[in-house]
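Have a look at the structure below, then the notes.
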Amino acid sequence: SQQGEEDPQALSIQEGENATMNCSYKTSINNLQWYRQNSGRGLVHLILIRSNEREKHSGRLRVTLDTSKKSSSLLITASRAADTASYFCATEETGANNLFFGTGTRLTVIP
Amino acid sequence: KAGVTQTPRYLIKTRGQQVTLSCSPISGHRSVSWYQQTPGQGLQFLFEYFSETQRNKGNFPGRFSGRQFSNSRSEMNVSTLELGDSALYLCASSPVLGSTGELFFGEGSRLTVL
Chain A
425 SQQGEEDPQA LSIQEGENAT MNCSYKTSIN NLQWYRQNSG RGLVHLILIR
475 SNEREKHSGR LRVTLDTSKK SSSLLITASR AADTASYFCA TEETGANNLF
525 FGTGTRLTVI P
Chain B
3 KAGVTQTPRY LIKTRGQQVT LSCSPISGHR SVSWYQQTPG QGLQFLFEYF
53 SETQRNKGNF PGRFSGRQFS NSRSEMNVST LELGDSALYL CASSPVLGST
103 GELFFGEGSR LTVL
């Protein structure tokens, strides 16, 4: 399978804390994206980082990419109950024409 | 701008039947991709249509097929349904072919096969 793997599978934190989730992949990529999915709903795009970028910020989100380790991390700062969702990384692999999604991290933010 | 619309949202079928799901992309988007999401396999790419042509296909059997119309609306069909076809089917649209940018997802069609 060309899917990425995410770690941890589940994460539970208190409101106001930071949440970090990691994604590892196996091949060279053009870009990596993060998506959020509320239970049983569609996915919402959060952020895209290209292979020549190392870090990107968007509001309370910070994404890093280490192509030498084939890994990425998503940091959500000052978490809120509304951040409770599943988070997926998706890679556009070099030579491929579709996204490969990771297995997801289920984040629960406790009010 | 209206988002991606998928119909129906929920449906129940029995083994051996066939099903057709519909997806209306965001206005101006010409690419429509379909994904199957199950607890065991996660999100799996089915196929992508662009300008009425299938441009890319995942590793699914021929029972899974699709098409795209001139207005970019897309349908996917699953014939001879199996229990394992129970899943959330997600459609995503994009203004460009492939995955060079953001995908816009619909809410999904949840299929249960009994």
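Protein sequence lines, in the order shown, are assigned to chains A and B.
Quick note on my numbering: the first sequence kicks off at 425 and runs consecutively.
Quick note on my numbering: the second sequence kicks off at 3 and runs consecutively.
C-beta: ideal position from N, C-alpha, C; glycine also.
Owing to the predicted nature of the structure, the values given are computational and were not obtained by experimental measurement.
* Closer than 8 Å to chain A by CB, B:Phe47 -> yes
(request) Can you tell me which of the three DSSP states A:Ser425 falls into? (result) Note that A:Ser425 has pLDDT 46, beneath the 50 cutoff, so the model's placement of it is unreliable and no number is given.
Using 10 angstroms around the beta-carbon of B:Glu84, count the other beta-carbons present and answer buried if the total reaches 16, otherwise exposed.
exposed
If you measure between the beta carbons of B:Gln20 and B:Leu90, is that distance less than 8 Å? no
Same chain only: Cβ atoms within 7 Å of B:Asn58, ignoring 5 sequence neighbours per side = Phe49 and Glu50
Write down the C-beta distance between B:Val34 and B:Ser67 rounded to the nearest angstrom, noting that I regard them as a contact closer than 8 Å.
So it is not a contact: roughly 14 Å between Cβ atoms.
Checklist entry - Under 8 Å between C-beta atoms, does A:Thr451 make it to chain B? => result no
Check whether the segment 491 to 498 of chain A and the segment 7 to 18 of chain B touch, using three or more Cβ-Cβ pairs below 8 Å as the test. no
message = Please tell me whether B:Leu92 has its Cβ less than 8 Å away from any Cβ of chain A.
response = yes
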